[in-house]
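Counting along the sequence shown from 1, when you hit position 232 you're at 232 in the numbering used here, and nothing is skipped either side.
A short write-up of the structure that comes next.
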Amino acid sequence: MKRLKLFLMIPVMACAMMLSTTSYSVMTDSNVYRHHDNDCMKIALTFDDGPSPMYTAEILDYLQAEDVRATFFVVGTQARMAPELLRREEAEGHEIGNHTDSHPRLSRLPIATVSAACADCSVLRREIEACAETVYEATEMRTTLFRPPEGYCTEAISAAAADMDYRIILWNIDTRDWDNAMAADIAQNILDNVTAGDIILFHDSVSRKDSQTLAALKLVIPKLKEQGYQFVTVSELIDTNA
Ligand SMILES: [Zn+2]
Numbered sequence: 001m002k003r004l005k006l007f008l009m010i011p012v013m014a015c016a017m018m019l020s021t022t023s024y025s026v027m028t029d030s031n032v033y034r035h036h037d038n039d040c041m042k043i044a045l046t047f048d049d050g051p052s053p054m055y056t057a058e059i060l061d062y063l064q065a066e067d068v069r070a071t072f073f074v075v076g077t078q079a080r081m082a083p084e085l086l087r088r089e090e091a092e093g094h095e096i097g098n099h100t101d102s103h104p105r106l107s108r109l110p111i112a113t114v115s116a117a118c119a120d121c122s123v124l125r126r127e128i129e130a131c132a133e134t135v136y137e138a139t140e141m142r143t144t145l146f147r148p149p150e151g152y153c154t155e156a157i158s159a160a161a162a163d164m165d166y167r168i169i170l171w172n173i174d175t176r177d178w179d180n181a182m183a184a185d186i187a188q189n190i191l192d193n194v195t196a197g198d199i200i201l202f203h204d205s206v207s208r209k210d211s212q213t214l215a216a217l218k219l220v221i222p223k224l225k226e227q228g229y230q231f232v233t234v235s236e237l238i239d240t241n242a
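Pasting the structure below:
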């Protein structure tokens, strides 16, 4: 049952192959995190693309009931419509990460093809800064983690993020809750593949009409707890010494 992990590896490998002329690889970039080894069973649940008026509150309710901390990579345009959800995320002990202001496809921006130190980061910088400002206005917290839309990462994107003092957070388990995966399959894939240090990708905002995210969480969180896993924010995970 490594099938879904393989799905994840394909775009990462394709990205690395595309960039082979510059010898850049997200796998060896020390500013890019997909997993962080530790010997205390810590893992990080992450939720992208919210906050969503449809799903975020009920996910927060369940995480609170289970006393689980997570990380929400929010989009600025979404966040400005629901600043109260950002405040709730922060107040309930979750971490808020930066997922740009408008969720652009970075592969289509000029920056994507810049290989050396960032020659034209202005669009990306504006995207990160606008999202950061929205988060700050709602919570008075500064974002320090950046997740590029679709996990698209190049040397230039990494350099721009580092220059802005952001760490880039990808993932090593994609639940595919944004696609056609059903709750039982999402849960089983996690249980089949999880190891300490994993960063697991969920979405609290999806375009599909029957989000399976909450149902999957209700299946998988109790089982992961039984196995001894601890749920921490991404910053806590990557600041834990292996
Ligand atoms: Zn996204």
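Note that CB positions come from ideal geometry on N, CA and C, so glycine has one too.
Among the options, whose alpha-carbon lies nearest the alpha-carbon of residue i?
| i | options | result |
| --- | --- | --- |
| leucine 201 | Tyr166, Val123, Glu84, Ile43 | Ile43 |
| tyrosine 24 | Ala156, Gln230, Asn172 | Ala156 |
| threonine 195 | Leu224, Arg167, Arg125, Ala216 | Leu224 |
| aspartate 67 | Leu45, Ala82, Phe73 | Leu45 |
| tyrosine 243 | Gln212, Ile190, Ala216 | This structure cannot settle anything about residue 243, because the visible part of the chain is limited to 1 through 242. |
| leucine 109 | Met41, Asp29, Glu127 | Glu127 |
| histidine 36 | Glu58, Leu86, Gly93, Ile199 | Ile199 |
| glycine 93 | Val220, Gln64, Ala159, Thr100 | Gln64 |
| alanine 91 | Ser102, Leu145, Thr71, Asp101 | Thr71 |
| serine 102 | Ser158, Phe73, Thr144 | Phe73 |
| valine 32 | Arg69, Thr154, Ser211, Ile173 | Thr154 |
Apply the 10 Å Cβ neighbour rule to residue i and answer buried if 16 or more other Cβ atoms are within range, or exposed otherwise.
| i | result |
| --- | --- |
| alanine 161 | buried |
| alanine 116 | Caution is warranted here: a pLDDT of 45 is assigned to alanine 116, below 50, making its placement in the model unreliable, and no coordinate value can be reported. |
| valine 206 | buried |
| proline 222 | exposed |
| glutamate 95 | buried |
| glutamine 227 | exposed |
| glycine 197 | buried |
| aspartate 271 | Nothing can be reported for residue 271: it is not among the residues displayed for the chain, which extend from 1 to 242. |
| proline 53 | exposed |
| glycine 97 | buried |
| glutamate 140 | exposed |
| glutamate 89 | buried |
| threonine 28 | exposed |
| valine 114 | Unreliable positioning characterises valine 114 in this predicted model, as indicated by a pLDDT of 47, which lies under 50. The coordinate reading is nonetheless provided below. So valine 114 ends up on the buried side. |
| aspartate 192 | exposed |
| glycine 167 | One point to set straight first is that residue 167 is arginine, not glycine, in the sequence displayed. Arginine 167 should be labelled buried. |
| phenylalanine 231 | buried |
What does residue i pair with, by DSSP beta-bridge criteria?
| i | result |
| --- | --- |
| glycine 50 | Its beta-bridge partners do not exist; DSSP assigns none. |
| alanine 44 | Ile199 |
| tyrosine 55 | BP columns for tyrosine 55 are empty, so no partner. |
| histidine 35 | Asp198 |
Do residue j and residue i have their beta-carbon atoms positioned less than 8 Å apart in this structure?
| i | j | result |
| --- | --- | --- |
| leucine 106 | proline 148 | yes |
| arginine 34 | tryptophan 178 | no |
| alanine 82 | proline 104 | no |
| methionine 164 | arginine 125 | yes |
| lysine 218 | tyrosine 62 | yes |
| isoleucine 169 | valine 123 | no |
| tyrosine 55 | serine 158 | no |
With three or more C-beta pairs closer than 8 Å as the rule, is the segment 126–135 touching the segment 75–93? yes
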